[in-house]
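Participant: Right, I'll just put the structure down here and ask away after.
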Amino acid sequence: MPASASDPYDLAVIGAGSAGLAGAVTAAELGLSVALLDSSPQTGGQFYRHPAQAIGAVRPEALHHDWPAFAELRRRLERSEVRHLSGHHVWAVTKENGDGKGNGERKGDGERKERGDVWAVHAVTGADGAEGQPVRVRARAVLLATGAYERQLPFPGWTLPGVVGAGGAQAMLKSGLVLPGKRIVVAGSGPLLLAVASSLAAAGAQVPAVIEASGYLGYARHPRALAANPQKLVEAAVHGAALLRHRVRLRTRSAVTEVHGTDRVEAVTVTRLDRDWRPVRGTGRRIACDALAVGHGLAPQIELATALGCATRPTADGTTALALGGLQETSVPGVWAAGETGGIGGAQLARAEGELAGTAVAAGLYGRPYREGRIRALQRRRDRMRGFAEAMAARHAPAAGWTDWLTDATDVCRCEEVTAGRIREAVTDLGASDAHTVKLLTRAGMGWCQGRMCGTAAVCLAAGEGQLRRAVEPPAERRPFAVPVPLSALASLDEPTGTRPDTAPGTDH
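In this text, residue positions in the sequence shown follow the UniProt record's numbering: the first is 1, and each later residue adds one.
Rendered as C-alpha cells:
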C-alpha cells in the first residue's frame, strides 16, 4: 500500500491473467506497493476462466491445463498486499505532472527514487462498465498485461445464432459450465482448436470434426524451437489422444466456407483449401451440427499502449504486437508489458514475462540491479518459449486467398452491417486503397467492437482483388479510449485528484 492515501502506488498492473498476476505478486514481494486492475470479477484472465462460487463447481481445475501454476499465483496474491480492483474497465492511461512532493531523490527505504511524473490509470466500474463510476489510480510505473482477443475471418452465414468464437465456446464451458450446442464443429486455424475440441468433447458434446485451415507438418521446419520446448509436443499428444478417444476427426487444409440454417445453425459446408487458402471447387461437403466454434488465432490487445505511443512490431501471423526490450520495457519510459501484448505465446510464457517485468520494475524504481541471476534465467525461459510462439504463428498465419470464400452478400462488419460487396465496391468504384478509406466510405469498423471483428477482412479486401495480399491486422491506431466510456467519466477528469486508491470501489484485496 502507498504510505498515505494521496501517494501514488509504485506499480499499477492492468490485467489479472497469468502475466498480470505474476508481475503483481513479484513486484509486491520485492517491496513495491501494487494496484491490480481487471475488468473481470475474478482473477485468471481468459485462459484461467473458472465458474463463480455460486455455481458450485466441484472440480473447476478439470477444465484447465496447468491449473496448479495458477493456484499458486492466486495463493501468493492472497498473501500479498496487492490491492486487487476487480470489475474495473481501464479506458486510458495518461501521464500526470509531479504529485507535489517527493521530486528528485529520497535516500533511505532501499534508496528508492521518487519521480515527479506519475501515471494515471482511468477506469469505469461495473460488470461491463455500465455503472460508470469513474476511478483514477495513480502509480509511478505501469505494467500492461491486457491479453488478446480472438481474430475472426468472416464467411457466409457466420452471423447465424449458434456460431461462436472458439475461445468463446471454451469460455462458456470454463466459466458457466455450458455448451453452445450438442453437436459442435470446431474450425479455423491454430493450436487453440485442439484444446477447445478436446474440452468440449470431455464435457459431453459431440464434436464431429476439427477443421484446420493450415497443417501441422510445417512445424518440422522449426526443429530447434521444437527441441527447446518438448512440453509443447506433450501437450499436442495429450490433445490428440483426447480427440482419438472421443472419435473426433481432424481435417487439415480445409475451412468452413458456409453455414446453413434459418433460425440457427443446422449444418456447415467444409471445403478443401489450396496452399493459398483458396477454396478448391467441387470439394465442399456438408456436416450436420447445431453449433460452430470458429477462430483464426488471437490478436494482441494493445489499445492502451498505442494510445501512449508505444512502438509496435508485425508478427509472423500478421497481427501487431508491442516492441519490447530485454526487460519487457516498452518504448515509453515507465511502461512495461507482458504476456500476449508482446505476441501470442500462452500462459507459461506470460507467467515468465510477468515475473521478469515485475522484477525489472522493482529494480528500476530502486535504481539498482536486483536478482540478476533470476533475471537471466527468466530471459532464457522467455526467449525459448517466444521462439516456439513465433514458429507457431508462422505455421497458422492466414494465407492470401481466404477472401475468395466471401460472397458479395456476406456481412463483414457485423456492427454496421457492411457486406463484402460494399467494401469491394468502395475499392473498385470509389478508389479506396486502404482500410482507413474503406472505413470512411462504408462505416466498416465504426461499430461497438471498433474493428476487432472485421479489421482483418477490411484490410484484405482493401488490398484489391487479384493482388497478392496478406491477411494482416489494421495498423495500430492511437485511440483515446480503449473501451466505451460514459460522458460522466470524462467529466470527472476535471476533479483535482479523482478517486483515491484506497477508496476505489470493488476492491477485493
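In this text, a Cβ means the ideal position worked out from N, Cα and C, and glycines have one as well.
Which residue's Cα is closest to the Cα of glycine 309: Ala323, Glu29, His296 and Ala299?
Facilitator: The shortest Cα separation from glycine 309 among Ala323, Glu29, His296 and Ala299 belongs to Ala323.
Participant: In terms of residue numbering, what span does the alpha helix (DSSP H) encompassing tyrosine 9 cover?
Facilitator: No alpha helix (DSSP H) contains tyrosine 9, which is instead part of the beta strand (DSSP E) from 9-14.
Participant: Starting from tryptophan 67, trace the alpha helix (DSSP H) both ways and give me its first and last residue.
Facilitator: Run containing tryptophan 67: 67-79, per the alpha helix (DSSP H) assignment.
Participant: Just to confirm, is the Cβ distance from valine 268 to leucine 160 under 7 Å?
Facilitator: No; because the gap between Cβ atoms is not below 7 Å, this pair is not in contact.
Participant: For proline 180 and valine 207, I'd like the C-alpha separation in whole angstroms.
Facilitator: Straight-line Cα distance between these residues: approximately 12 Å.
Participant: Tell me which same chain residues have a C-beta within less than 8 Å of the C-beta of arginine 443, skipping the five on either side of it?
Facilitator: Cys413, Glu416 and Val418, listed in sequence order.
Participant: Assess contact between the region 9-27 and the region 73-85, defined as three or more Cβ pairs (one per stretch) separated by less than 8 Å. Is contact present?
Facilitator: They touch, by the three-pair rule.
Participant: Let me confirm a value: glycine 165 is counted as buried when at least 16 other C-beta atoms fall within 10 Å, else exposed. Which label applies?
Facilitator: By the neighbour-count rule (16 or more Cβ atoms within 10 Å), glycine 165 is buried.
Participant: Check each candidate in Gly295, Leu292 and Arg253 and name the one with the smallest Cα separation from valine 280.
Facilitator: The residue with the shortest Cα to Cα distance from valine 280 is Arg253.
Participant: For arginine 183, I'd like the list of residues in its chain whose CB is within less than 6 Å of its CB, leaving aside the five on either flank, ordered along the chain.
Facilitator: Excluding positions up to five away in sequence, the list reads Gln206, Cys289 and Asp290.
Participant: So, with DSSP's three-state summary, where would you put aspartate 411?
Facilitator: Correct three-state label for aspartate 411: strand.
Participant: Can you give the Cα-Cα distance for leucine 356 and alanine 197, rounded to whole angstroms?
Facilitator: Roughly 33 Å between the two C-alpha positions.
Participant: In chain order, what residues of the same chain have a beta carbon less than 6 Å from the beta carbon of aspartate 408, not counting five sequence neighbours either side?
Facilitator: Only Ala420 and Gly421 meet the Cβ criterion.
Participant: Quick check on the burial criterion: 16 or more other C-beta atoms within 10 angstroms. Buried or exposed for serine 86?
Facilitator: Counting Cβ neighbours within 10 Å, serine 86 comes out buried, since at least 16 surround it.
Participant: Check whether the region 342-361 touches the region 378-392, counting contact only when three or more Cβ pairs, one atom from each stretch, lie closer than 8 Å.
Facilitator: Touching, yes, given that three or more Cβ pairs across the two stretches are closer than 8 Å.
Participant: Consult DSSP for alanine 491 and reduce its assignment to one of helix, strand or coil.
Facilitator: Helix.
Participant: Going straight from the alpha carbon of leucine 250 to that of glycine 364, what length do you get?
Facilitator: So the two alpha carbons sit approximately 49 Å from each other.
Participant: Would asparagine 103 be called buried (16 or more neighbouring beta carbons within 10 Å of its own) or exposed?
Facilitator: Residue confidence for asparagine 103 is low, a pLDDT of 35 falling below 50, so the modelled location carries little weight and cannot support an answer.
Participant: Would you kindly work out how many angstroms separate the C-alpha atoms of glutamate 266 and alanine 293, rounded to a whole number?
Facilitator: Going from the Cα of glutamate 266 to the Cα of alanine 293 covers about 13 Å.
Participant: Which residues share a DSSP beta bridge with glycine 295?
Facilitator: In the DSSP output, where bridge partners are listed per residue, glycine 295 has Gly188.
Participant: Proline 279 bridges to which residues according to DSSP?
Facilitator: Per DSSP, Leu273.
Participant: Under 7 Å, do alanine 391 and histidine 222 count as touching if we go by C-beta distance?
Facilitator: Going by C-beta atoms, alanine 391 is nearer than 7 Å to histidine 222.
Participant: Which first and last residues belong to the beta strand (DSSP E) in which threonine 125 is found?
Facilitator: 118-125 is the extent of the beta strand (DSSP E) around threonine 125.
Participant: Enumerated in chain order, which unbroken segments of the alpha helix (DSSP H) with a length of 4 residues or greater are wholly contained in the region 151-222?
Facilitator: If we require 4 residues or more, the alpha helix (DSSP H) runs fully inside the region 151-222 come out as 166-176 and 192-202.
Participant: Exposed or buried, what is arginine 452 when buried is set at 16 or more other beta-carbons lying within 10 Å of its beta-carbon?
Facilitator: Counting Cβ neighbours within 10 Å, arginine 452 comes out buried, since at least 16 surround it.
Participant: Grab the span of the alpha helix (DSSP H) containing histidine 84 for me, first residue to last.
Facilitator: No alpha helix (DSSP H) holds histidine 84; the beta strand (DSSP E) holding it covers 83-85.
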